[in-house]
Amino acid sequence: MIRIYRQLFTAQFQAAAQYRIQFLLWMLFSVIRPTIFMAAWVAVAAAQGGSVGGYSVADFAGYYIVMTLVGHLTAAWNSFEFEFEIRQGRLSPKLLRPLHPLHYAIVENQVFKFSTLPPLAIVLAILALTFQVHFATEWWHVVLFVPAIVLAWALSFMLGWVVATAAFWLQRVQTVNTLLQRTSFIFAGQIAPIVSFERAVALIVGQAIWLGVCWAAFLVAWRRGLRQFSAVGA
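With my numbering, you'll find the sequence shown wraps up at 268, consecutive numbering, no jumps.
What follows is the structure, given as structure tokens:
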């Protein structure tokens, strides 16, 4: 499996090299929205004497800088692409291959992030220097950050695949995707900082539980969806 993934990554990096400008534009688009909210909260904090709800201008800037990085690392868009793969007939050839289509989606997701992470880091570094952001952290924060990011990405990725399987029954799943995005936008702390009082370990365990739920739901939906897909002559 390692050798297969190595070959998939090589092929995907070669394909991605042809769309460098497009990747860069997508990366910049992902920065625009949090930057707008950051600027809004920074302006509000500056107008109220330098802080709002205990958050200073630098705190707001630091929050949205980290949120942008985390959002980039945990993003998954397979629920959008899967609909087009079915309607355009691109799924059928993948089903004839011995490798599950899930693996191709994983590689595409990671290659995009590896390709756009360096320019994103430069943009975020400029913002951090502009607002004089100071990140106060402990070593165990960094240790927990890695598994938390991995689990968050896996949860987001599998949830996207669960939603994507709705395309086996529905011609378009754009409405479902939009609803999911709007819900995430409200409750994921993108509008304003959300203070969490849960312990870090409990948070990671909670992510793992939901990951298992999404994986089980995906397996059920995928198998039933394939039967539906085959029944219509694919």
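All C-beta atoms in this analysis are idealised placements derived from N, C-alpha and C, irrespective of residue type, glycine included.
Quantities reported herein were computed from a predicted structural model and do not represent experimental measurements.
Between residue 187 and residue 107 the beta-carbon gap is near 6 Å, inside 8 Å, which marks them as a contact. Annotation for residue 217: no residue places its beta carbon closer than 8 Å to its own, counting only its chain and skipping 5 residues before and after. For residue 112, the CB contacts under 8 Å within the same chain, skipping 5 residues up- and downstream, are 139, 143, 191, 194, 195, 198 in chain order. Taking a C-beta distance under 8 Å as the contact criterion, residue 43 and residue 184 do not qualify as a contact pair. Here residue 53 is exposed: its Cβ has fewer than 16 other Cβ atoms, across all protein chains shown, within 10 Å. The Cβ atoms of residue 127 and residue 224 lie no closer than 8 Å to each other.
Three or more beta-carbon pairs drawn from the stretch 85-96 and the stretch 162-174 are found closer than 8 Å, and the two stretches are therefore classed as touching. By the neighbour-count criterion, in which a residue is buried when 16 or more other Cβ atoms sit within 10 angstroms of its Cβ, residue 252 is buried. Residue 86 carries a strand assignment under DSSP once its states are collapsed to helix, strand and coil. The residues 167, 169, in chain order, have a CB closer than 7 Å to that of residue 96 in the same chain once the five nearest residues on each side in sequence are set aside.
Note that the stretch 69-87 does not touch the stretch 147-156; fewer than 3 beta-carbon pairs, one per stretch, sit closer than 8 Å.
Boundaries of the alpha helix (DSSP H) harbouring residue 37: 36-50, taken from the DSSP string.
Excluding residues up to 5 positions away in sequence, 117, 200, 201 lie with their Cβ nearer than 6 Å to the Cβ of residue 207 in the same chain. Runs of the beta strand (DSSP E) lying entirely within the stretch 138-192, each at least 3 residues long, are absent. Counted as a single uninterrupted DSSP element, the alpha helix (DSSP H) harbouring residue 56 occupies residues 54-81.
A Cβ-Cβ contact shorter than 8 Å links residue 98 with residue 72. For residue 207, there is no enclosing alpha helix (DSSP H), as DSSP gives it neither H nor E.
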